[in-house]
Structures are given as structure tokens and as C-alpha cells.
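Just so we're aligned: the sequence shown equals residues 1 to 394 in this note's numbering.
Report on the following structure.
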Amino acid sequence: MGDVGLRYETLPLGSDLDAEAKILAIAFGMSPEKAREWIERSGRTLFRRVMAGDRVASVLMLIPMGIYYGGRSVPLTGVAGVAVDPGFRGRGVARWMMHEAVREMGREGAALSGLYSAMHPLYRSVGFEQAGCRFRISVPLHLLPGGSRQFEELPTGAVEQVKNCYQAWASRCDGHLDRGPYVWARIENWRGTPMRGFVTRDDRGEIEAYVYLHQAGSADPCQPQVLEVTDLGARTPGGMRALMAFLGGFSSIAGRVTFFGGPSHPLLGMLDDRRYAMDLTDHWMLRVIDVRRALEGRGYARGLRGAASFELVDQVFEEQSGHWRLELEGGGGHVSRGGHDGARLTDRALAALCGGHLSARQLRLMGLIEGDDAQVDALDVVFPASGSSMPDMF
Ligand SMILES: CC(C)(COP(=O)(O)OP(=O)(O)OC[C@H]1O[C@@H](n2cnc3c(N)ncnc32)[C@H](O)[C@@H]1OP(=O)(O)O)[C@@H](O)C(=O)NCCC(=O)NCCS
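Put into C-alpha cells, the structure is as follows:
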């Protein structure tokens, strides 16, 4: 179909949302009423649509937030709700829409874009690459240590109170979101299920650890409940231990606790037992929207000094293609044009490197990087694989 006759635009103020709600409803298996509520609750300004003549062909959603790498928040635009009217599918509409969205993010000053992918070819074709996996982690509650620190329940509407603690936690975990209002709004109420928030405080009254959870019963009263955690965070090792003990206190009624994250989740590292399980539920992908903003915006290990050159082949931002050099010093990165002695890499490879998901050596094995050992090793020094994870779904 190409771009002939297609128009990418924001949702006009005051327009009825019938067509957009219907497309989302069919795509994601919900009622049109729920889809309309989703648009209205999130704010129609977050949505974009593609018009084919006077018909709405597709929609998506752009969510402004950030993502932590090396302790710093890098501006990230999340993409969600990608949906094409069944009458327009299979003709390149989604690809064209994603291309337009990526260009818009460039104009708006994003550094990175991120999304959860239901199928990779669409997103790879505009420069996204897998940057991590999201797992549902299930820990038998009897494995958690005991303890007696007091937790208090937060009233509904008090999520603001845990933000400092979350930020202290998330900024130490590469790949965690620097949440914006859209994601924060889902912490107390996850897709219609109210969550209960509990916190423990230090001597100065500051929240040291918190958790949002829901006790999911079983139809069979003889079966134990499951403690479903939608969010947790801690600022200190003492806060982590207190949190684990608090969750362990539910063991008389619930058999296990579930939460989301990756294999490097700090709670797993603090267990004395290996008998927990992880189910791979989702893949998330990144795209580098702006090389300079993405690489200078993130943090690096303070003592790390090094430099790497690379030649980028960017399929959307041709103006970004060409030779770049990244130099590290004092925990920051400096990016300049030039350096003709580096490996050649695609926009997808750069995204994977930024995400810390795969090493340059692995990406060369996959055909996304061309270079000799020295060139590839230089990339692995400045882009260390960091076991990044993203517990939030958007
Ligand atoms: C997925 C969806 C957005 C694709 O829209 P579309 O306009 O038909 O996609 P395009 O024609 O632009 O295809 C772009 C690429 O994605 C691939 N693709 C499209 N649908 C796919 C599917 N269901 N599974 C795997 N790949 C698919 C195409 O093959 C094409 O890649 P190719 O050129 O290498 O063959 C559409 O089918 C839809 O709305 N599905 C339901 C909602 C959904 O899954 N959204 C994505 C959530 S991440």
C-alpha cells in the first residue's frame, strides 16, 4: 500500500471515538466500551491514527516516560495499542504508521523508544530490536525468611508516597521505567483489579520498602491463594529483607508469591533456595531515536574509561547513518561524529547494545554487526551487558 493516500495524525479534539475504539476492541479482544474508556482515561492526546481517505485505518499510542540505564533516566517514548482495522491489514499500514511514529518521536526529542512486541518483523523493519524479556517469577512463600518489621497499609490514592522509593530502586536496575502518569495510574489498579499498597518506614519516617499486591483466591477452597504482586521496591538491603519477611507472612493462606522481572531480580539473589520458577511472558524492544541523546543521556560505570567507534546504518533516520565515536569518562559518555575505524552496525544492533541485552560479540554472530575482534571488543567495553529488566507492562 505504501504511503499513497495515507495520513498520520493526532485524534481531533471533540471527534467521536467510535472508529478508534472499534479497531482497538477487535485487535485486543475487548468491548468497544472498554476500548473507548482506555482512550479517554489515558487521554486522547496520547493516541495517533492513520486515515485512508475518510476512514480510520489504524491507531497507536505514544507514552512519554523514561528508562534507567547506568543510574540515569533517558527519555523514552513507549508505543502501545498498535492496531490496524482488519479491512486494512496485510498491506503495510502498520509499518507505515510505525515509520511515521518513529519520525515524530525524533522531532519531539525522544532519545529511545520502547514497546512490548507481539511479533517482531513489524518493529524490526523500523529499527527496533529485542532488548529484554519479562518473566513472571513465582516464589514459594515458605522460602522467604521470617521477620517482624511493621508494614502499614496505604490508603487508596496515595501512590504518590512511594515514588521516591521506586525511583531509588528503579535507578539501580537497568531497563526499569522512569514511569510517567500512564504507568503510575496502573499501579493501584491493574486492569480493573484494585491493588493494596503496604509500606515500611525507616527511623526518619521515609518509606524504605513498599509493595502493591492482590490476593488471588482459588475456586477450590482447599487450594492455597496466590499473592500477586504488581509492584515492589526497596531503598536498602534492610528494606528488601523486611519486604521478603512481610510477603512470607502471608504463607498460611497463600502458597506462593508472583511478581515480574528478570533473572537478575535482587529478591531472587537474596534467596537461599533455588526452587523458584520463571515463565517468559513478554519480549520488549528498543529503538534508538537519537544517537547523541541516547548515549549521552545514560550513565556509565564511573571508573570506566574507554572509547568505541562505529558506523551506523539507520533505516529510518538516514541523517543518523554514518560514523560515530563514543568516549566514556567520569560516569558520562561523549558522542561525536567521526572515527572511521569502528565496526559497522545496524540500527537494530545499536538498540540491542543500548538495552544491554546482547553483547557485540553475540550481535556479530547474529549478523547485525560487522567488524574484527578489536572493533567488537571496543563496543563491549562501552556497552556492557547489564542483565536489564522491565517489570512494568504498558
Ligand atoms: C499486527 C498488526 C498491527 C499488523 O498490521 P498490518 O498493517 O497488517 O501489518 P503490515 O502489513 O504493515 O506488516 C508489517 C510486517 O509485520 C508482519 N506481520 C503482520 N502481522 C503479523 C502477524 N500476525 N504475525 C507475524 N507477523 C506479522 C508482516 O508480515 C510484515 O512483515 P514482512 O514484510 O517481513 O512480511 C495487525 O494485524 C493487528 O492490528 N493485529 C492485532 C493487534 C496486534 O497484534 N497489535 C500488535 C501488538 S504489539
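Ideal Cβ positions, reconstructed from N, Cα and C, are used throughout, including at glycine.
Keep in mind the model is a prediction, meaning the values are calculated, not measured.
(request) Jot down the residue ranges of each uninterrupted beta strand (DSSP E) in the segment 255–323, minimum 3 residues, whole runs only, in chain order. (result) 277–288, 306–313
(request) Just the C-alpha distance for residue 389 and residue 229, rounded to the nearest angstrom, thanks. (result) 16 angstroms
(request) Starting from residue 135, follow the beta strand (DSSP E) in both directions and report where the run begins and ends. (result) 129–140
(message) Could you check whether residue 356 and residue 383 sit closer than 8 angstroms to each other, using their CB atoms as the reference points?
(response) yes
(request) With hydrogens ignored, establish whether the beta-carbon of residue 117 is closer than 7 angstroms to any heavy atom of ligand 1. (result) yes
(request) Output yes or no for whether 8 angstroms exceeds the beta carbon distance between residue 39 and residue 9. (result) no
(request) Indicate, with yes or no, if ligand 1 has a heavy atom lying under 7 angstroms from the CB of residue 95. (result) yes
(message) I want to check one thing, is the minimum distance from the CB of residue 121 to the heavy atoms of ligand 1 below 7 angstroms?
(response) yes
(request) Could you pull the start and end residues of the beta strand (DSSP E) that residue 232 belongs to? (result) 225–234
(message) Could you compute how far the alpha carbon of residue 398 sits from the alpha carbon of residue 60?
(response) Here the chain has residues from 1 to 394 only, and residue 398 is not among them.
(request) Measure the alpha-carbon distance for residue 169 versus residue 109 and round it to whole angstroms. (result) 26 angstroms
(request) Within the same chain, show all residues whose beta-carbon is closer than 6 angstroms to that of residue 281, passing over the 5 residues directly before and after it, in chain order. (result) 134, 136
(request) Can you give me the start and stop residues for the alpha helix (DSSP H) that residue 246 sits inside? (result) 237–248
(request) Could you tell me which residues DSSP puts in a beta bridge with residue 31? (result) Paired residue(s): none; residue 31 is not in a bridge.
(message) On the DSSP letters alone, give me the boundaries of the beta strand (DSSP E) that residue 61 sits inside.
(response) 55–69
(message) So the candidates are 145, 175, 184; which of them puts its Cα closest to the Cα of residue 164?
(response) 184
(request) Could you tell me whether any non-hydrogen atom of ligand 1 is closer than 7 angstroms to the CB of residue 125? (result) yes
(message) Cutting at 6 angstroms between CB atoms, please list the residues of its own chain near residue 255, excluding the five before and the five after it.
(response) 224
(request) Could you tell me which of 348, 213, 331 sits nearest to residue 131, measuring between CA atoms? (result) 348
(request) Could you say which of 102, 234, 251, 95 lies nearest to residue 122 if we only look at CA atoms? (result) 95
(request) Mind the definition here: the segment 100–118 touches the segment 272–286 only if three or more C-beta pairs lie below 8 angstroms; say whether that holds. (result) yes
(message) So, does the segment 367–380 touch the segment 339–346, judging by three or more C-beta pairs under 8 angstroms?
(response) yes
(request) Return the chain-ordered list of same chain residues with a C-beta closer than 7 angstroms to the C-beta of residue 395, the five sequence neighbours on each side being excluded. (result) Any question about residue 395 goes unanswered here, given that the chain covers just 1 to 394.
(request) May I have the straight-line CA-CA distance separating residue 105 from residue 316, to the nearest angstrom? (result) 12 angstroms
(message) Using 8 angstroms as the threshold, is the C-beta distance between residue 292 and residue 72 below it?
(response) no
(message) Do residue 63 and residue 180 count as a contact pair if the criterion is CB distance below 8 angstroms?
(response) yes
(message) For residue 332, list the residues DSSP reports as bridge partners.
(response) 329
(request) Answer yes or no: do residue 6 and residue 50 have a C-beta to C-beta separation smaller than 8 angstroms? (result) yes
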